[in-house]
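Undergrad: Starting off with a structure, shown below.
There are 2 protein chains.
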Amino acid sequence: MADVVDIDRMGIWDKRDDMLVHQEEPYNAETPPGALAAPITSLDAFYCRNHAPIPRIDSASWRLRVEGLVDRPLELSMDDLRRFTERTVVATLQCAGNRRADLMEVRDIPGQVPWGPGAVSTARWSGVSLADVLAEAGVRPQAAHIAFTGADVSQQADPPQPFGGSIPMTKAASGEVLLAWAMNDQALPAAHGAPLRVVVPGWIGARSVKWLERIGAQAEPTGNHFQTEYSVLPPEADPEAVGPGDGITLGPVAIHCAILRPGGNERVAAGPTEVSGFAFAGENRTVARVDVSADHGSTWTHADLDPPESPWTWQHWRTVLTLPPGETELVARAWDSTAAVQAESPVTVWNPRGYANNAAAHVRLTCRP
Amino acid sequence: MADVVDIDRMGIWDKRDDMLVHQEEPYNAETPPGALAAPITSLDAFYCRNHAPIPRIDSASWRLRVEGLVDRPLELSMDDLRRFTERTVVATLQCAGNRRADLMEVRDIPGQVPWGPGAVSTARWSGVSLADVLAEAGVRPQAAHIAFTGADVSQQADPPQPFGGSIPMTKAASGEVLLAWAMNDQALPAAHGAPLRVVVPGWIGARSVKWLERIGAQAEPTGNHFQTEYSVLPPEADPEAVGPGDGITLGPVAIHCAILRPGGNERVAAGPTEVSGFAFAGENRTVARVDVSADHGSTWTHADLDPPESPWTWQHWRTVLTLPPGETELVARAWDSTAAVQAESPVTVWNPRGYANNAAAHVRLTCRP
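Residue numbers (UniProt numbering), protein chains in the order written: chain A, 1 to 369; chain B, 1 to 369.
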């Protein structure tokens, strides 16, 4: 069984040198393309999305409160939590802002992190099922939402407040939502929410609250700033002027994909070339097909698609295309198990905060003759 | 409580005169646009999709067999079924071939019904929850799929076989899947599957098997011809040559919409005009936004959107656009609760059998000055 991370390790990111660091404080860094090719992302390459510095938590005195619309409010230590059945789920987490850089090429999005395609990673998460803890607390029928609050107080909210988010009870009651204390069979690192974090498979990363301190059962979604911050607003909306109910508050991830090889700056020879990447379909859907084109969509090649490691993970794909000498644009589009396909262009999905870019992936490259 | 339909009523379609009848035998008819504007579709306007004539069933001697990977195989009469708790779900059903006509404009699809946008309707369904019947039978853990078989023997399969389909156990165990004996608080009509039919909310209509005779718990999806017939094949595939595992076997419905008013042949005056329609998001998703354009997508107006009658129904929308005199094309596109949007063009989603057309809706019309 994994040990709780020691307070001494706090403040150490323990990341590879080639992480693409967008911000040092709060630390926001994406996984390098090479590391995205592995089915499971190593701890030192797993992307980091933060809204505040790592909170200093003494794991011995730390407690998880479970309260709100419950029959038996709980206050649980890590030892208490370890008495529940340990469960493991392999799941991909992805920031709602992943691939925002492509949206910024359409129109600038000031004040937001310009994520490339690497704000996504996959781990083997272990801990207790949220549903088991909720059953112990006895959630009342009026509770339609489960709210999570972390210990990380963010200055990005006004007034500053701890990061939080909520999910509907239907999702919370599913077995796959974990309160995790281990990642890839190692103790959950401080950088990823030790001693305990939420993992909501198939949903935007923002709902997988780190440094968890409180679980609230309630009738409505949480009023936490970060719940509605993660919304797709209509293109013409002023993000400073909208109300909290405006826009599409994000939850499950929509079908999308990324091209990993060749990369945009890679110099490859014309001729048969392996093109590879991954695709991800959120909640209750899988990736059914990935098409790749080197001729602006006149012809499409169906890529070989790996089965998912679990119903909650990305799926890698690859195919060989014959590339012409000179400039080429590769396009990849994924279809989910309902035969829904990605939008053709980032222009269609552009939105003022730059979330949920699930437009087809594009890579421009120049091939040597 | 609704009565079982009498055998004497068999063979009577009881439909309005303005149904758009594509085939008399088997009877395939779509709901007229006017009737699609009501939240609940009247029985005499509900669309009909058949693969065979209505089977003649004596409801007194009729039995439902529940067998396969179960601890207690069952043989249930209608009286036995009525001893379970009666449940009601308002749900939209939609044929996977809905709006095939738009795909046929891209490239012909021989031998298939040229459905317009009316192979969709909504009813209040009452009956027993499939989950309750499965619990009574004691489904074994190895059963990953629940197969349904109707009494309607179709000549469209070779050799002829009863219509059937299956759904995964996860969906079958959800409370919303019904074995229905009533529709809009009236006895289920013979035309819609009396004495008993399946209703799988949020999934393509083909899985809501009518004239139900058998439920099988099994490890794999059903081998019934119509299970894999309802697949989206790659555009270049020859539908006569593909294997049963090829393509995307359809289940949940992807986000889509239709424009009801003004209709394509309507002569309207230029100026402010109400544009209205409906949108539908399947399984676990709702319609989050509908955009309408009269200028080929240069500008989009967000329509007013009704809340769904239940999590399983369409949502109607309306807005006012100022239409110019002369020829105009209206375009409507819907976004689901994950911020996934419909494909821009039927060209993108064209497939050899013409299923799952969820491209944006287009209506061309000419406005009087």
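Cβ atoms here follow ideal geometry from the backbone N, Cα and C, with glycine treated the same way.
Would you list, in chain order, the members of the stretch 334-356 of chain A that have their beta-carbon closer than 9 Å to a beta-carbon of chain B?
TA: Going along the stretch 334-356 of chain A in chain order, one finds Trp335, Asp336, Ser337, Thr338, Ala339, Ala340, Val341, Gln342, Ala343, Glu344, Ser345, Thr348, Val349, Asn351, Tyr355, Ala356 with a Cβ nearer than 9 Å to chain B.
Undergrad: Go ahead and label residue 454(B) buried or exposed: buried means 16 or more other beta carbons lie within 10 angstroms of its beta carbon, across all protein chains shown.
TA: The question about residue 454(B) has no answer here: the residues shown for chain B are numbered 1 through 369.
Undergrad: Looking at chain B, is there any beta carbon in it that lies within less than 7 Å of the beta carbon of His362(A)?
TA: Residue numbering aside, residue 362(A) sits at position 362 when the first sequence is read from its first letter. False, the Cβ-Cβ gap to chain B never drops below 7 Å.
Undergrad: If you reduce the DSSP assignment to three classes, tell me which class His225(A) lands in.
TA: For the purposes of this step, residue 225(A) is taken as residue 225 along the first sequence, with counting starting at 1. If DSSP states are grouped into helix, strand and coil, His225(A) belongs with the helices.
Undergrad: Beta-carbon of Val232(B) versus every beta-carbon of chain A: anything under 7 Å?
TA: Taking the first residue of the second sequence as 1, we reach residue 232(B) at position 232. Yes - at least one Cβ of chain A is within 7 Å of the one on Val232(B).
Undergrad: Pull up the CB-CB distance for Val242(A) and Leu179(A), whole angstroms please, since I reckon it's below 8 Å.
TA: The count along the first sequence starts at 1 and reaches residue 242(A) at position 242. The count along the first sequence starts at 1 and reaches residue 179(A) at position 179. So it is not a contact: roughly 32 Å between Cβ atoms.
Undergrad: On the three-state DSSP scale, how would you describe Ala279(B)?
TA: If you number the second sequence from 1, residue 279(B) lands on position 279. Here Ala279(B) sits in strand by DSSP.
Undergrad: Verify the CB distance criterion: does Ile248(B) have a CB-CB separation below 7 Å to chain A?
TA: In the second sequence, counting from the first residue as 1, residue 248(B) sits at position 248. At least one chain A Cβ lies under 7 Å of Ile248(B).
Undergrad: For the stretch 278-298 of chain B, enumerate the residues whose C-beta is nearer than 9 Å to any C-beta of chain A, in chain order.
TA: Answer set for the stretch 278-298 of chain B: Gly282, Glu283, Asn284, Arg285, Ala288, Arg289, Asp291, Gly297.
Undergrad: With the cut-off set at 7 Å, would you say Ala91(B) and Trp125(B) are in Cβ contact?
TA: Start at 1 with the first residue of the second sequence, and residue 91(B) comes out as number 91. Start at 1 with the first residue of the second sequence, and residue 125(B) comes out as number 125. Going by C-beta atoms, Ala91(B) is nearer than 7 Å to Trp125(B).
Undergrad: Taking 7 Å as the CB-CB limit, is Ala29(A) close to chain B?
TA: Taking the first sequence and counting its residues from 1, one reaches residue 29(A) at position 29. No - not a single Cβ of chain B is within 7 Å of the one on Ala29(A).
Undergrad: Using CA coordinates, which residue listed in Asp306(A), Val106(A), Gly216(A), Thr338(A) is at the minimum distance from Ala96(B)?
TA: As a first step, residue 96(B) is located in the second sequence; it is residue number 96 there, counting from the start. Checked all of Asp306(A), Val106(A), Gly216(A), Thr338(A); the closest Cα to Ala96(B) is Thr338(A).
Undergrad: Helix, strand or coil for Val287(B) per DSSP?
TA: The residue you call residue 287(B) lines up with position 287 of the second sequence. In this structure, Val287(B) counts as strand in the three-state DSSP scheme.
Undergrad: Report yes or no: is there a C-beta of chain A within less than 7 Å of the C-beta of Pro252(B)?
TA: On the second sequence, residue 252(B) is found 252 positions in, with the first residue counted as 1. Chain A, which has a Cβ nearer than 7 Å to the Cβ of Pro252(B), makes this yes.
Undergrad: Name the residue from Cys257(B), Glu344(B), Gly216(B) whose alpha carbon lies nearest to the alpha carbon of Ala37(B).
TA: The residue labelled residue 37(B) in the question sits at position 37 within the second sequence. The shortest Cα separation from Ala37(B) among Cys257(B), Glu344(B), Gly216(B) belongs to Cys257(B).
Undergrad: For a cutoff of 7 Å on Cβ pairs, would you count residue 442(A) as touching chain B?
TA: Summary: the structure shown does not reach residue 442(A), with chain A confined to residues 1 through 369, and so no result is reported for it.
Undergrad: Alpha carbon to alpha carbon, how far is Leu233(B) from Ser59(B)? Give it in angstroms, no decimals.
TA: Within the second sequence, residue 59(B) is the residue found at index 59, counting from 1. Within the second sequence, residue 233(B) is the residue found at index 233, counting from 1. Distance between the alpha carbons of Ser59(B) and Leu233(B): 39 Å.
Undergrad: With 16 as the cutoff for other CB atoms within 10 Å, does Thr85(A) come out buried or exposed?
TA: Residue 85(A) sits at position 85 when you count from the first residue of the first sequence. By the neighbour-count rule (16 or more Cβ atoms within 10 Å), Thr85(A) is not buried but exposed.
Undergrad: What does the Cβ neighbour count give for Glu266(B), buried or exposed, with the cut at 16 atoms within 10 Å?
TA: As a working note, residue 266(B) is residue 266 in the second sequence. When all chains shown are included, Glu266(B) counts as exposed.
Undergrad: Who does Ala326(B) pair with in a DSSP beta bridge?
TA: In the second sequence, residue 326(B) corresponds to position 326, counting from 1. It should be noted that the sequence gives Gly, not Ala, for residue 326(B). Cys367(B).
Undergrad: By how many angstroms is the C-alpha of Ala332(A) removed from the C-alpha of Val106(B)?
TA: Sequence index remark: in the second sequence, residue 106(B) carries index 106 (1-based). Sequence index remark: in the first sequence, residue 332(A) carries index 332 (1-based). Using only the alpha carbons, I get a separation of about 22 Å.
Undergrad: Closer than 7 Å by C-beta to Ala270(A): which residues in its own chain qualify, once you throw out the five before and the five after it? Chain order, please.
TA: Residue numbering aside, residue 270(A) sits at position 270 when the first sequence is read from its first letter. Counting only Cβ-Cβ distances below 7 Å, and skipping sequence neighbours, we find Leu323, Pro324, Pro325, Cys367, Arg368, Pro369.
Undergrad: Mind checking whether Ile248(A) and Ala281(A) have CB atoms under 7 Å apart?
TA: Your numbering for residue 248(A) matches position 248 in the first sequence. Your numbering for residue 281(A) matches position 281 in the first sequence. Not a contact, by the Cβ cut-off of 7 Å.
Undergrad: Using the Cα positions of Gly202(A) and Val89(A), report the straight-line distance between them to the nearest angstrom.
TA: For the purposes of this step, residue 202(A) is taken as the residue at position 202 of the first sequence. For the purposes of this step, residue 89(A) is taken as the residue at position 89 of the first sequence. If I take the Cα positions, the gap works out to 12 Å.
Undergrad: In angstroms, rounded to a whole number, what distance separates the CA positions of Gly111(B) and Val349(B)?
TA: By one-based count along the second sequence, residue 111(B) stands at place 111. By one-based count along the second sequence, residue 349(B) stands at place 349. Their Cα atoms are separated by approximately 19 Å.
Undergrad: Between the alpha carbons of Arg65(A) and Leu74(A), how many angstroms are there, rounded?
TA: In the first sequence, the residue the question calls residue 65(A) occupies position 65. In the first sequence, the residue the question calls residue 74(A) occupies position 74. One C-alpha to the other measures close to 6 Å.
Undergrad: Does DSSP classify Asp3(A) as helix, strand or coil?
TA: As a first step, residue 3(A) must be located in the first sequence, where it is residue number 3. No answer about Asp3(A) holds up, because its pLDDT of 42 lies below 50 and its placement is not dependable.
Undergrad: Can you check DSSP and say which residues form a bridge with Gln23(A)?
TA: By one-based count along the first sequence, residue 23(A) stands at place 23. Gln23(A) is bridged to Asn28(A).
Undergrad: Report the neighbours of Ile255(A) on chain B: residues whose CB is nearer than 8 Å to its CB, in chain order.
TA: Within the first sequence, numbered from 1, the residue matching residue 255(A) stands at position 255. Simply Ala340.
Undergrad: Comparing alpha-carbon positions, which option in Asp18(A), Asp108(A), Asp158(A) lies nearest His51(A)?
TA: Along the first sequence, one-based indexing puts residue 51(A) at 51. The candidate whose alpha carbon is nearest that of His51(A) is Asp158(A).
Undergrad: Given that Asn358(A) touches chain B, what residues does it touch there, using C-beta distances under 9 Å?
TA: On the first sequence, position 358 is the one that residue 358(A) refers to. The contacting residues are Thr338, Ala339, Ala340, Val341.
Undergrad: When DSSP labels each residue in this structure, what does Val90(B) get in the three-state scheme?
TA: As a first step, residue 90(B) must be located in the second sequence, where it is residue number 90. Strand, per DSSP.
Undergrad: Tell me the DSSP bridge mates of Ile215(B)?
TA: Looking up residue 215(B) in the second sequence gives position 215. Paired residues: Val66(B), Phe148(B).
Undergrad: Mapping the DSSP letters down to three states, classify Arg9(A) as helix, strand or coil.
TA: For this step, residue 9(A) is matched to residue 9 along the first sequence. Confidence in Arg9(A) is poor, its pLDDT being 39 and thus under 50, which makes the residue's placement too unreliable to answer from.
Undergrad: Rounded C-beta distance between Arg87(A) and Val139(A)? I'm assuming under 8 Å.
TA: By 1-based counting over the first sequence, the position of residue 87(A) is 87. By 1-based counting over the first sequence, the position of residue 139(A) is 139. Contact flag wrong, Cβ pair sits at about 19 Å.
Undergrad: Is His296(A) helix, strand or coil by DSSP?
TA: As a first step, residue 296(A) is located in the first sequence; it is residue number 296 there, counting from the start. Three-state DSSP puts His296(A) in coil, outside helix and strand.
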